[in-house]
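Peer 1:
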Amino acid sequence: MNLLIVNDEQLTAETMKKDMDWASYGISEVYTAYDTEAARACIAEHPVDILLCDIEMPGENGLGLLRWVREQEKEIECIFLTCHAKFAYAQEAIILGCQDYILIPARYEDIGEKIRKVVDRIRGKRDTARYEEYGRQLFQEKIHEGEASESPQRRVQPEETAEEVCRYILKELKNSELNVERIAEEFHFHPAYLNRLFKKEKGVSVGQFLINERMKLAGAILETGQYNANETAEKVGYSHYTNFYNMFKKYYEMSPAKYQEDFLKTKKQS
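For the sequence shown, full-length UniProt numbering gives the first residue as 1, with consecutive numbering after it.
1. Under the DSSP definition of a beta bridge, which residues are partnered with residue 102?
2. Can you tell me whether residue 35 is helix, strand or coil according to DSSP?
3. Could you tell me the distance, in whole angstroms, from the CA atom of residue 101 to the CA atom of residue 72?
4. Considering only the beta carbon of each residue, do residue 256 and residue 222 sit closer than 8 Å?
5. Report the residue ranges of all alpha helix (DSSP H) runs contained in full by the UniProt domain "HTH araC/xylS-type" (163-262); include only those spanning at least 4 residues, in chain order.
6. Please report whether the beta-carbon of residue 83 lies at a distance below 8 Å from any beta-carbon of chain B.
7. How about residue 31 and residue 119: are their beta carbons less than 8 Å apart?
8. Cα separation between residue 122 and residue 74?
9. Under 6 Å Cβ to Cβ from residue 263, same chain only, skipping five residues before and after it: list those, please.
10. Work out the CA separation of residue 117 and residue 80 for me, nearest whole Å.
11. Let's see if you can read the secondary structure: which residues bound the beta strand (DSSP E) around residue 6?
12. Enumerate in chain order the residues of its own chain whose CB-to-CB distance from residue 1 is below 7 Å, with the five nearest sequence positions on each side excluded.
13. How big is the Cα-Cα spacing for residue 105 and residue 57?
14. On the three-state DSSP scale, how would you describe residue 94?
15. Could you compute how far the alpha carbon of residue 236 sits from the alpha carbon of residue 174?
16. If contacts are defined as beta-carbon pairs under 8 Å, then residue 63 and residue 96 qualify, I think. What distance do you get, rounded to the angstrom?
17. Which same chain residues end up closer than 8 Å to residue 202 when comparing Cβ atoms and leaving out the 5 residues on each side of it in sequence?
18. Cα separation between residue 274 and residue 248?
19. Compute the Euclidean distance between the alpha carbons of residue 212 and residue 206, then round it to the nearest angstrom.
20. If you run the structure through DSSP and keep just helix, strand and coil, what is residue 48?
21. Measuring alpha carbon to alpha carbon, tell me which residue in 66, 98, 127, 265 is nearest residue 191.
22. So is residue 149 buried or exposed if we call it buried at 16+ other beta carbons inside 10 Å?
23. Tell me which residue opens and which closes the alpha helix (DSSP H) that residue 71 is part of.
24. For residue 194, collect the residues of the same chain with a Cβ closer than 8 Å to its Cβ; drop the 5 residues on either side in sequence, then sort them by chain order.
25. So, with DSSP's three-state summary, where would you put residue 56?
26. Just the Cα atoms here: how many angstroms apart are residue 6 and residue 37?
27. Can you give me the start and stop residues for the alpha helix (DSSP H) that residue 10 sits inside?
28. Is it buried or exposed, residue 157, if we count other Cβ atoms within 10 angstroms and call 16 or more buried?
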């Protein structure tokens, strides 16, 4: 990733560029600019991913530069450097989508760690975007292919995908390794993309649907009176009883043992 240092103190900017081990923080190219006009020119000429920008500068300050970046709809993250922790600065920085704020003087190691976190955040966003694009492409392929056994006019719709996911979950419900990531992999979607699609159609996330169905099955098993809470936990896909207990209590507002006891008592009385 490429980083642009914007600082009106030329010696500070050039020393930082020379002395910091940028590669260790995920940066491959470092540019410098000594005012916002030069920074704009650099951004126009070079691909810039991160701004390491002073706020207090003669003329237009760093906030003005970030405001311009947002107006241009450029995907650039920003870390502000400042000597003064002014609330008004911090407030406007947050409004402009910058929450990375370093008070100077600061050690190069501290600045580097902040940069590493931003690099990781950018990579995460880009990976998610790539997976979502892959998911959209795959979904479009399914739409155009349809089902081989049915009419060529038929197209796979989002609600059908959601129904397929439901059927898959119900079929694999007792599998302790079943989770959102595994389900997404099965359908060749990124987990975040599948969750959005599923929630739009079903009103709950994939993970919550999985929990709900496991709890419904657990309640039905306990009502038979043939299995205790530990055995029930295994039968609904929980390898750790504590996790099952916590989920069950949250869902039914009572422990598994109490649920079973109350149900069997009521059944006997009736």
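The beta-carbon is built from N, C-alpha and C at its ideal position, and this holds for glycine as well.
Peer 2: Here's the rundown:
1. Per DSSP, the beta-bridge partners of residue 102 are 81.
2. Three-state DSSP puts residue 35 in coil, outside helix and strand.
3. In this model, residue 101 and residue 72 are separated by some 22 Å (Cα to Cα).
4. Contact flag set, yes.
5. Scanning the UniProt domain "HTH araC/xylS-type" (163-262) from its first residue to its last, the whole alpha helix (DSSP H) runs of 4-plus residues come out as 180-186, 191-202, 206-224, 229-235, 241-252.
6. In the displayed structure, chain B is absent; only one protein chain is listed.
7. Their beta carbons are not under 8 Å apart, which means residue 31 does not touch residue 119 by this criterion.
8. Take the alpha-carbon of residue 122 and the one of residue 74: they are about 13 Å apart.
9. Contacts found: 223.
10. The C-alpha of residue 117 is placed about 14 Å away from the C-alpha of residue 80.
11. 2-6 is the span of the beta strand (DSSP E), which, as asked, contains residue 6.
12. So the list reads 26, 27, 28, 49, 50, 119, 122, once near-sequence residues are dropped.
13. Rounded to whole angstroms, residue 105 to residue 57 spans 16 Å at the Cα level.
14. Reduced to three states, the DSSP call for residue 94 is helix.
15. If you take the alpha carbons of residue 236 and residue 174, they lie about 5 Å apart.
16. That pair is a contact at about 7 Å.
17. These residues qualify, in order along the chain: 162, 166, 209.
18. Residue 274 lies beyond the range of the chain shown here (1 to 270); nothing can be said about it.
19. When rounded, the distance between both Cα atoms is 10 Å.
20. For residue 48, the three-state secondary structure derived from DSSP is coil.
21. Selected option, being the one with the closest Cα: 127.
22. Here the model assigns residue 149 a pLDDT of 43, short of 50, so the residue's position is not dependable and the matter cannot be decided.
23. Secondary structure note for residue 71: its alpha helix (DSSP H) is the uninterrupted segment 62-71.
24. Excluding five sequence positions before and after residue 194, the CB atoms of its chain that fall closer than 8 Å to its own CB belong to 135, 165, 180, 183, 184, 187, 206, given in chain order.
25. Of the three classes helix, strand and coil, the one that applies to residue 56 here is coil, per DSSP.
26. In this structure, the alpha-carbon of residue 6 lies about 10 Å from that of residue 37.
27. Per DSSP, residue 10 belongs to the alpha helix (DSSP H) from 10-19.
28. Under this definition residue 157 is an exposed residue.
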